[in-house]
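When you line the sequence shown up against this note's numbering, it's residues 28 to 304, in that order. Below is one structure, written out as structure tokens; the observations come after it.
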Amino acid sequence: MISKLNNKELDQKIKSLARAENRLLSLVIEHIKEADRRKLYLDFNYPNLYDYLVKECGYPGGSAQRRIDAARLLAIEPMLKAKIESGEINLSQTTLLQKAFREKSGTTLEQKRSLIAKISDMTVAETQVHISKALNIKIKEQTKVTHQKDESVRLEFTLTKEQWESLQKAKDLASNATQSNDLGTLIKYLSDRFIKQKEGSTATVAVKKKVLQRDQSCQYKDHKTQTLCGSRWNLHIDHIKPKWAGGTDEIENLRVLCQKHNHHVYHQQAGIKMMSS
Ligand SMILES: [Zn+2]
């Protein structure tokens, strides 16, 4: 009875099953490789291995293709069986490899074998980067926008490493609020926040002018020395109590800050906000 296992036993059981699963998978791949070599599918009147695996063996299409990709790699690198068995290489990685080899048809056997060896123990993302670099697969830069019949929009575009990392970080920070891993949800969330922030700080020009006339210079006071910054460069109107904390556009809640202190205060408040939410 699984429900009778204690946590340690359950953990050990899952790990031993995962090992068994990898062992079984490596055997499946090995047998599919042999079926491919013999063209076994012809015996069953299928034109190809894929149809045989889907229609005769009951694999979903994607699973069948991943197994075929791995089997064909195993045919050129016998070491792959042990790597799949040990979990050093998974089927997502072998599929990335085969996809890349199809795109770069001039890849030599030597290059293929060396890549199989190198991607051991890499994550799928690392594997993808490594393969693209090693085979010099060109970067897709063009943005593709497709309007679909339900009026949704399909986007295909390339982010730089920095842009992607920034987006990932935003996703982590927003995950509590969005309850989702979906990029579309994240973009909507970030956009809404930005729009609210921009449109929310609508102190009128007249009010801003009054604040500038009143303060004249940066009103930031050093917490230790209590000295006023007094800078007259790059002045901004700041909400003393932020909008998101219920602060208003009343002149009493506004003050002048220089660019540097505006940023400083913003970061402080953002830090406080993250902790309190
Ligand atoms: Zn200042």
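Beta carbons are placed, not taken as given, at the ideal position from N, Cα and C, and that holds for glycine.
C-beta atoms of residue i and residue j nearer than 8 Å
i, j, result
"Q246", "L255", "yes"
"L213", "T205", "yes"
"Y79", "Y68", "yes"
"E48", "K108", "no"
"I143", "L124", "yes"
"L52", "I103", "no"
"H294", "L281", "no"
"T185", "I166", "yes"
"L100", "T121", "yes"
"K171", "E189", "no"
"K139", "I164", "no"
"A91", "D63", "no"
"K145", "H157", "yes"
"I264", "V292", "no"
"L217", "A197", "yes"
"E115", "S141", "no"
"K237", "I278", "yes"
"Y73", "E83", "yes"
"A201", "D276", "no"
"V151", "S113", "no"
"N261", "Q286", "yes"
"T173", "R181", "yes"
"P269", "Q296", "yes"
heavy atom of ligand 3 below 7 Å from residue i C-beta
i, result
"K160", "Summarising the ligand content, the structure contains ligand 1 and does not contain ligand 3."
Which of helix, strand or coil DSSP assigns to residue i
i, result
"R259", "coil"
"E112", "helix"
"S304", "Low local confidence applies: a pLDDT of 48 at S304 is under 50, so the model's placement there is unreliable, with the coordinate-based value given in what follows. Here S304 sits in coil by DSSP."
"D13", "Since the first and last residues shown for the chain are 28 and 304, residue 13 lies out of range."
"D148", "coil"
"D265", "strand"
"E183", "strand"
"T254", "coil"
"S132", "coil"
"M28", "coil"
"I164", "coil"
"E178", "coil"
"N72", "coil"
"D209", "coil"
"N289", "helix"
"H294", "helix"
"E83", "helix"
Unbroken beta strand (DSSP E) run spanning residue i, endpoints
i, result
"L284", "281-285"
"K248", "Taken as a continuous stretch (DSSP letters only), K248 belongs to no beta strand (DSSP E), as it is neither H nor E."
"T173", "171-174"
Range of the contiguous alpha helix (DSSP H) that encloses residue i
i, result
"H58", "34-65"
"Q190", "188-205"
"Q240", "232-242"
"D96", "88-103"
Which residues have their C-beta within less than 7 Å of a heavy atom of ligand 1, listed in chain order? With 7 Å as the limit between CB and the heavy atoms of ligand 1, the residues that fall short of it are C245, Y247, C256, S258, L284, C285, K287, H288.
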